[in-house]
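Protein chains: 4
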Amino acid sequence: MIIVMHKKATEKNIRTVTDKLEKEGFGTHIIRGVEKIVIGAIGDRKLIPSMGLELMDGVENIVPIMKPYKLVSREMKSEDSLIDIDGVKIGAGNFTVIAGPCAVESREQLLTTAAAVQSGGGTILRGGAFKPRTSPYSFQGLEQKGLEILAEAKAKTGLKVITEVIDSYSLDMALDYVDILQIGARNMQNFQLLRQAGKAGKPVMLKRGLSATIEEWLMAAEYIMSEGNYAVILCERGIRTYETATRNTLDISAVPLIKRLSHLPVVVDPSHATGDWQLVTPLAKASLAAGADGIMVEVHPNPMQAMCDGPQSLSLKKYQCMMQGLKPLAEVLGRAM
Amino acid sequence: MIIVMHKKATEKNIRTVTDKLEKEGFGTHIIRGVEKIVIGAIGDRKLIPSMGLELMDGVENIVPIMKPYKLVSREMKSEDSLIDIDGVKIGAGNFTVIAGPCAVESREQLLTTAAAVQSGGGTILRGGAFKPRTSPYSFQGLEQKGLEILAEAKAKTGLKVITEVIDSYSLDMALDYVDILQIGARNMQNFQLLRQAGKAGKPVMLKRGLSATIEEWLMAAEYIMSEGNYAVILCERGIRTYETATRNTLDISAVPLIKRLSHLPVVVDPSHATGDWQLVTPLAKASLAAGADGIMVEVHPNPMQAMCDGPQSLSLKKYQCMMQGLKPLAEVLGRAM
Amino acid sequence: MIIVMHKKATEKNIRTVTDKLEKEGFGTHIIRGVEKIVIGAIGDRKLIPSMGLELMDGVENIVPIMKPYKLVSREMKSEDSLIDIDGVKIGAGNFTVIAGPCAVESREQLLTTAAAVQSGGGTILRGGAFKPRTSPYSFQGLEQKGLEILAEAKAKTGLKVITEVIDSYSLDMALDYVDILQIGARNMQNFQLLRQAGKAGKPVMLKRGLSATIEEWLMAAEYIMSEGNYAVILCERGIRTYETATRNTLDISAVPLIKRLSHLPVVVDPSHATGDWQLVTPLAKASLAAGADGIMVEVHPNPMQAMCDGPQSLSLKKYQCMMQGLKPLAEVLGRAM
Amino acid sequence: MIIVMHKKATEKNIRTVTDKLEKEGFGTHIIRGVEKIVIGAIGDRKLIPSMGLELMDGVENIVPIMKPYKLVSREMKSEDSLIDIDGVKIGAGNFTVIAGPCAVESREQLLTTAAAVQSGGGTILRGGAFKPRTSPYSFQGLEQKGLEILAEAKAKTGLKVITEVIDSYSLDMALDYVDILQIGARNMQNFQLLRQAGKAGKPVMLKRGLSATIEEWLMAAEYIMSEGNYAVILCERGIRTYETATRNTLDISAVPLIKRLSHLPVVVDPSHATGDWQLVTPLAKASLAAGADGIMVEVHPNPMQAMCDGPQSLSLKKYQCMMQGLKPLAEVLGRAM
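If you read the sequences in order, they're chains A, B, C and D.
Those letters in the first sequence? Residues 1 to 337, per full-length UniProt numbering, in order.
Those letters in the second sequence? Residues 1 to 337, per full-length UniProt numbering, in order.
Those letters in the third sequence? Residues 1 to 337, per full-length UniProt numbering, in order.
Those letters in the fourth sequence? Residues 1 to 337, per full-length UniProt numbering, in order.
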């Protein structure tokens with residue numbers, strides 16, 4: 001249920017409505033758009049008619065939301081959400097490039113990569129400090145040390161940084177170092193982690209699960225938003241299908257479909273989607289053309305020696321080349337990059 | 001096995017080599033590229049070393065092909081194949097738009113659509129005269145009558161025409177009317193039909209099977225080429241996955257991957273891939289950006305009343321709008337449209 | 001639409017009803033069960049109320065069928081269909097074992113196998129004479145020669161024989177030699193072939209397509225039945241999924257589900273479903289326990305040297321062993337084997 | 001790497017070997033089978049040859065394990081693992097029935113169900129106290145209260161109890177009440193939770209992820225075992241495929257395949273696999289016939305009013321009926337039930 005407030009509604013009007021709702025057992029969420037303010041009310045919709053909300057000062061009208069996701073939905077907020085991290089913007093017409101290695105391996109590896117990411121036009125640096133690995137015996141990441149290296153790269157280049165968190169321990173630790181928390185495909189329905197991310201006070205990038213439907217993915221975002229964190233970025237990273245010629249199957253249709261269903265920004269990760277660096281540049285262009293709000297790509301100074309995901313990583317030179325190819329495309333499509 | 005001939009090899013040299021190969025039981029295929037001529041030899045490769053081919057006049061060198069597909073492979077022919085139908089070009093840098101209704105329903109419906117397709121910049125008209133339907137009780141197409149209407153539309157507009165053939169009967173009948181034969185997803189491994197198309201002497205568009213791997217798809221193209229018909233166009237139309245938010249899942253990665261593996265042109269059908277007209281334009285753009293050689297889209301004067309696939313059909317106006325959006329993109333990407 | 005006739009309805013009553021229906025443009029199918037006779041009427045159901053059928057002699061009542069498949073459906077015929085080929089029974093409480101090599105390779109190979117199949121308790125011999133192969137360069141079967149060998153094996157052992165037909169040519173040829181025509185997974189929606197099989201006057205085993213839904217599969221059976229051939233056997237042979245540990249994924253749930261939706265017999269092919277002979281016996285037992293009407297398994301005198309599908313073939317000894325394991329299970333389940 | 005010890009090796013011999021391994025940085029795991037004792041050594045296998053292990057007292061031989069999973073593998077332990085919870089046995093020839101409602105809803109609901117489960121021959125009671133729900137707004141379980149009801153049912157009936165844990169909080173809480181911890185499909189790769197379960201000192205049932213490969217699933221079990229908890233039960237619950245006629249697709253082939261690859265017990269959950277109670281009984285039989293070590297089924301006193309998963313729940317009467325059908329089958333298959 002959404003309560004749309006008049007443009008001229010006062011803070012007191014809003015407070016009165018939310019108090020009323022909460023008294024009746026509803027959860028409330030105030031979403032402040034450019035043109036209007038709406039109050040999302042999550043609870044038993046059968047109670048609404050008898051509450052007299054439409055008579056309260058400042059209330060313009062009351063709209064039910066038919067979709068199982070509420071805060072996430074385009075019905076709740078018709079404008080694109082814009083996430084602005086000290087000037088680095090995601091969503092609402094921008095095309096944001098997030099790049100970096102799969103894992104932080106060493107200070108030198110990351111600083112070299114970071115310098116190249118920035119000079120090529122990327123604005124956010126990725127790098128895994130905690131790696132969720134299929135085998136308990138594989139390299140699990142540099143953890144604290146990796147976070148420190150990320151912070152140093154940030155200080156040196158001005159790039160924002162993102163890293164994956166895989167449990168409460170890593171989330172708590174990462175909060176002090178990074179700008180965006182990433183929740184990986186395997187944790188898309190780790191509801192405890194989603195709730196914790198919802199309380200973290202930092203933007204969250206939520207990757208689609210390996211075989212998650214679009215609705216399940218949006219419901220996972222709803223978990224984060226329902227805790228009050230509205231800065232959620234969705235990341236399409238390929239789904240699991242019968243086709244083995246690529247590591248996963250990039251579901252490019254998800255991009256325009258989600259732009260219709262939700263106000264949240266969507267980025268694409270062509271590196272994980274394909275597992276093949278030769279496919280990254282054409283799919284980065286396709287993502288931009290399909291309406292994605294950005295891409296996340298793996299870049300490594302020496303892909304042949306990467307500790308993980310080497311075959312899908314762009315070399316620094318190939319990354320520059322991809323960026324050169326994307327810029328004129330962004331321009332003709334009217335996207336800021 | 002490929003026998004690469006010297007640039008200066010004579011027709012007689014070539015003949016001598018193919019005669020030798022055929023005497024030993026090999027099938028031979030002469031592929032004439034701009035820069036060189038190669039002879040594809042299909043047969044028992046163990047015989048090659050003892051045949052002394054490398055000593056014959058005009059022979060430059062001998063190259064094994066590791067892939068199960070031979071004539072289809074990029075190894076056999078390094079340049080892009082160009083299919084030129086009286087000036088309408090597919091492949092090799094062109095971006096070709098094929099548009100029209102799912103089924104030919106009436107003379108008026110098709111002529112109206114054809115005029116719009118042409119004025120918007122499409123060069124090939126699609127329209128089904130034979131419909132392979134899941135139910136034996138559904139509309140199966142206008143057959144002969146539909147072909148006549150297609151021919152009339154061609155005469156009136158100068159568009160080339162394509163129609164699906166579903167068996168030997170429809171293939172024979174269509175040959176007199178259309179420029180390109182389409183083999184649908186359900187028939188991708190109908191080997192009798194593939195062989196017949198290989199002998200038909202007209203270009204063939206081969207759609208990917210609903211759950212065909214890329215290798216199986218290329219092997220199906222090999223069936224057509226192995227009969228001597230080298231004018232094959234591949235069409236990605238979405239694969240079957242667990243996701244139900246779209247009718248199929250467009251495998252956009254297939255486009256750059258096939259451009260690497262094969263010299264054949266690849267077009268994308270975003271209408272069948274998604275089943276949702278609102279997704280057609282963004283995915284048409286994505287296909288162009290990913291390197292596709294064209295698109296095939298469903299257009300109908302009145303999608304609400306279409307006899308099949310209405311929800312995925314663009315209205316004539318929406319089609320024009322899509323074409324306006326594609327042109328500047330093609331330009332910046334250096335593609336002729 | 002089904003017209004259920006009184007038990008005492010005469011042939012003339014039935015004829016009058018079908019004549020009436022056909023005059024109004026309906027296709028009619030008479031299904032004679034043990035307890036009642038029903039007339040299936042395929043056509044525009046809106047015409048029915050005005051036709052006065054319920055007043056005609058011998059008509060008990062009129063029942064609409066909601067499913068898209070009609071003749072196939074359990075609504076049309078509540079008893080299990082029994083297919084009886086000179087005493088070899090499929091369906092209606094029997095558990096029928098079809099066994100033999102993937103391909104007929106030689107007279108000796110087939111006769112050896114046939115003798116073993118029979119002595120172990122199998123009643124139908126399989127053997128491919130026409131092989132639909134992914135590659136145009138692979139072994140395509142012994143064709144006519146293979147059929148002759150099958151006929152000889154039948155004469156020697158008394159087994160019934162089944163072979164796959166892949167097009168009109170092979171279907172025509174096979175009709176003179178075999179008892180059951182098999183339509184393979186790749187041809188499940190080859191509608192021309194389905195229609196031809198519907199007119200062939202012999203039982204047809206229809207394999208499920210690689211990624212066919214159960215509804216599509218039943219609709220394909222409807223194509224055959226709609227031509228008047230009611231002796232259709234469905235064969236579950238695994239579907240294509242993301243899992244690569246087995247060749248396909250046996251959809252065992254399809255067995256009880258189809259028993260609910262349709263009166264047709266269902267057999268399971270655990271050899272193609274798994275591609276692994278070690279899994280054949282446990283899955284044969286599972287199929288029996290799940291309610292399948294039989295199994296089709298690959299057996300070869302020397303699996304290591306089979307021309308195709310060796311890894312999934314049981315040796316003659318392993319086949320005997322499987323049969324020993326199935327018999328007590330069939331007994332406790334009350335199934336004739 | 002496995003170090004196989006002589007039958008007569010003393011505890012001191014074993015200790016000396018493990019000390020040596022640990023000094024070189026290996027993790028060690030002692031697996032005591034009926035016939036022999038093996039020491040699993042996880043670490044850098046290149047160090048082994050120089051360590052002189054084969055010369056140490058009590059060492060019989062040293063065997064590398066090629067599979068990525070080690071402790072889980074049949075190579076490590078050739079006999080079936082038996083999990084014995086105060087006389088309730090899982091694995092090694094037993095067929096164990098776990099039954100109960102999807103969620104604990106009330107004291108009455110659970111006690112009624114528990115009495116029926118026991119009288120029908122089930123030995124373990126399931127019931128969700130913590131429900132991982134797609135929507136943050138759905139019923140999330142009775143938590144502590146639910147656990148108390150489970151404990152009461154256990155006390156009253158003598159059944160063992162199992163409940164799903166979804167995070168560290170619920171795991172800690174459940175430990176005091178239940179006999180087996182269940183890790184659900186969505187958490188199959190929640191590595192933090194797996195590790196915590198590995199330290200919990202109670203048997204763990206690990207459900208297969210919605211689109212997990214068999215190898216990924218076994219690797220997830222390896223996480224638990226690598227923490228020293230060897231009492232792991234695998235549960236096949238259907239995988240996600242394109243087929244929508246059932247909720248998931250039961251991968252019955254996984255049962256015999258895992259029995260070959262691993263010594264761990266495997267049970268099947270036909271309720272979640274199909275989402276359709278009518279399919280539960282035939283698939284329970286199929287699971288038994290395929291070699292599963294047990295089943296887990298949903299049973300509810302009033303499926304029409306269940307708070308979750310009603311359509312897939314057996315009524316108490318239908319459960320009794322299923323049990324009657326399974327017993328003679330188990331007997332003929334030589335399984336204790």
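Glycine included, C-beta positions come from ideal geometry on N, C-alpha and C.
The structure displayed is predicted, hence computed values, not measured ones.
Below 8 Å, too few C-beta pairs join the stretch 141-159 of chain B and the stretch 189-205 of chain B to call them touching: fewer than three. If you draw a straight line from the Cα of residue 136 of chain C to the Cα of residue 196 of chain B, it is about 13 Å long. The beta carbon of residue 94 of chain A sits closer than 6 Å to the beta carbons of 336 from its chain, once the five residues preceding and following it are set aside; these are given in chain order. Leaving aside the five residues that flank residue 158 of chain B on each side, the residues in its chain whose CB is nearer than 8 Å to its CB run, in chain order, 118. One thing to note: residue 307 of chain A has its Cβ within 7 Å of the Cβ of residue 105 of chain A. Between residue 165 of chain D and residue 150 of chain D, the gap from beta carbon to beta carbon reaches 7 Å or more. Judged by their CB atoms, residue 235 of chain B and residue 269 of chain B are nearer to each other than the 7 Å cut-off. With at least 16 other beta carbons inside 10 angstroms of its own, residue 237 of chain A counts as buried. Around residue 219 of chain B, the beta-carbon contacts reaching into chain C at under 7 Å are 134, 135. By the CB criterion at 7 Å, residue 77 of chain D and residue 31 of chain D fall inside the cutoff. For residue 13 of chain D, the enclosing alpha helix (DSSP H) has its first and last residue at 11-23. In this structure, the straight-line span from the alpha carbon of residue 183 of chain D to that of residue 207 of chain D is close to 6 Å. Annotation for residue 296 of chain C: no alpha helix (DSSP H) segment contains it, though the beta strand (DSSP E) segment containing it runs 294-298.
Going by beta carbons, residue 1 of chain C and residue 134 of chain B fall outside the 7 Å limit. Looking only at B/278, B/256, B/261, the smallest Cα-Cα distance to residue 274 of chain A is reached by B/256. In the DSSP annotation of this structure, the continuous segment of the beta strand (DSSP E) that includes residue 160 of chain A starts and ends at 160-165.
The alpha-carbon separation between residue 245 of chain D and residue 325 of chain C amounts to approximately 31 Å. Of all residues in the stretch 178-190 of chain B, only 186, 187, 189, 190 come within less than 8 Å of chain C when Cβ atoms are compared, listed by chain position. In the DSSP assignment, residue 272 of chain D falls within the unbroken alpha helix (DSSP H) covering 270-274. Beta-bridge partners assigned by DSSP to residue 73 of chain D: D/262.
Listed along the chain, the chain B residues whose CB falls inside 8 Å of the CB of residue 279 of chain A are 253, 256, 257. The beta carbons of residue 130 of chain C and residue 170 of chain C sit closer together than 7 Å.
Of the candidates C/64, C/154, C/85, the residue whose Cα lies closest to the Cα of residue 42 of chain C is C/64.
Between residue 285 of chain B and residue 329 of chain B, the C-beta gap is smaller than 7 Å, which places the two residues in contact. Cβ contact annotation for residue 264 of chain C (same chain, cutoff 8 Å, sequence separation greater than five): 72, 81, 91, 221, 232, 233, 234, 258, in chain order. By the neighbour-count definition (other C-beta atoms within 10 Å, threshold 16), residue 123 of chain B is a buried residue. Within the stretch 124-174 of chain A, the complete beta strand (DSSP E) segments at least 3 residues long are 124-126, 160-165, listed from N- to C-terminus. Here residue 186 of chain A carries a helix assignment [DSSP, helix/strand/coil]. Below 8 Å, too few C-beta pairs join the stretch 109-117 of chain B and the stretch 198-205 of chain C to call them touching: fewer than three. Between the C-alpha atoms of residue 86 of chain C and residue 109 of chain C there is a straight-line separation of about 26 Å. At least 7 Å separates the beta-carbon of residue 101 of chain C from that of residue 120 of chain C. A distance below 7 Å separates the beta carbons of residue 280 of chain C and residue 271 of chain C. When DSSP states are grouped into helix, strand and coil, residue 32 of chain C belongs to the strand group. Residues of the stretch 159-180 of chain D that bring their beta carbon within less than 9 Å of a beta carbon in chain A comprise 166, 167, 168, 169, 170, in sequence order. Contacts between residue 244 of chain D and chain C, judged by CB atoms closer than 8 Å, involve 213 in chain order. Residue 205 of chain D and residue 39 of chain A have their C-alpha atoms spaced approximately 43 Å apart.
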